[in-house]
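Asks: Starting off with a structure, shown below.
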Amino acid sequence: MSKIDFVPEAEALREEMVAVRRDLHMHPETAFEEVRTAGIVAQTLSSLGLEVQTGVGKTGVVAMLDGSDDGPTVLVRADMDALPIEEANKVDYVSQTAGKMHACGPRRAYGNRPSRRQNAHQA
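Numbering (my numbering), first residue to last: 1 to 123.
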């Protein structure tokens with residue numbers, strides 16, 4: 001098995017993924033209300049060549065990358081819902097929705113999913 005250097009590919013996606021993560025942070029949606037978030041997730045994954053299914057469990061998104069080689073299946077999961085908490089952070093991308101914020105890391109979790117997909121596709 002050869003070692004593949006994914007750093008250049010990951011760096012190429014960095015700016016876009018940071019922008020997506022910050023956008024999701026600014027527009028939090030609580031559980032089963034993540035319509036906008038699910039749309040962004042689905043569109044981004046679809047643009048990267050994944051087969052996307054939406055509306056899973058109401059607002060969930062499932063994406064499948066069908067590899068050409070035999071081998072194990074890998075599952076990557078990320079929460080997309082915000083919490084009913086008022087954000088007190090002083091950042092440029094602070095929540096724009098009163099009483100809701102992403103406080104447990106899901107934007108970061110989503111933000112690196114497309115880069116993982118791109119890297120997996122090239123492996």
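No residue lacks a Cβ here, since even glycine has one placed at the ideal position from N, Cα and C. No experiment lies behind these values; they were computed from the predicted model shown.
Any idea if L45 is buried or exposed, counting beta-carbon neighbours within 10 angstroms, 16 or more meaning buried?
Replies: By the neighbour-count rule (16 or more Cβ atoms within 10 Å), L45 is buried.
Asks: Using 8 Å as the threshold, is the region 88-97 in touch with the region 55-68, meaning 3 or more CB pairs across them?
Replies: Output reads no: the region 55-68 does not touch the region 88-97.
Asks: Say whether the region 18-34 touches the region 45-56, bearing in mind that this needs 3 or more beta-carbon pairs closer than 8 Å, one atom from each stretch.
Replies: Too few Cβ pairs lie closer than 8 Å, so no.
Asks: My parser needs the beta strand (DSSP E) runs of 3 or more residues fully inside the region 71-103; what are they?
Replies: With a minimum length of 3 residues, no continuous beta strand (DSSP E) run stays inside the region 71-103.
Asks: Kindly indicate the opening and closing residues of the alpha helix (DSSP H) around T54.
Replies: Per DSSP, T54 belongs to no alpha helix (DSSP H); it is in the beta strand (DSSP E), 51-56.
Asks: For R36 and H27, which I take to be in contact (beta-carbon distance under 8 Å), what is that distance rounded to the nearest angstrom?
Replies: With 8 Å as the limit, R36 and H27 qualify as a contact, their Cβ atoms being about 6 Å apart.
Asks: Under the three-state reduction of DSSP, which class applies to A12: helix, strand or coil?
Replies: The answer is helix: DSSP assigns A12 an H, G or I state.
Asks: Looking at V41 and V61, is the spacing between their C-beta atoms short of 7 Å?
Replies: Their beta carbons are under 7 Å apart, which means V61 touches V41 by this criterion.
Asks: What are the residues that DSSP puts in a beta bridge with M64?
Replies: DSSP, once it has assigned bridges, lists E51 as partnering M64.
Asks: Work out the CA separation of P8 and H102 for me, nearest whole Å.
Replies: If you take the alpha carbons of H102 and P8, they lie about 29 Å apart.
Asks: For D92, tell me which candidate among I4, A19, A10 has the shortest Cα-Cα distance.
Replies: Minimum Cα distance to D92 is reached at A19.
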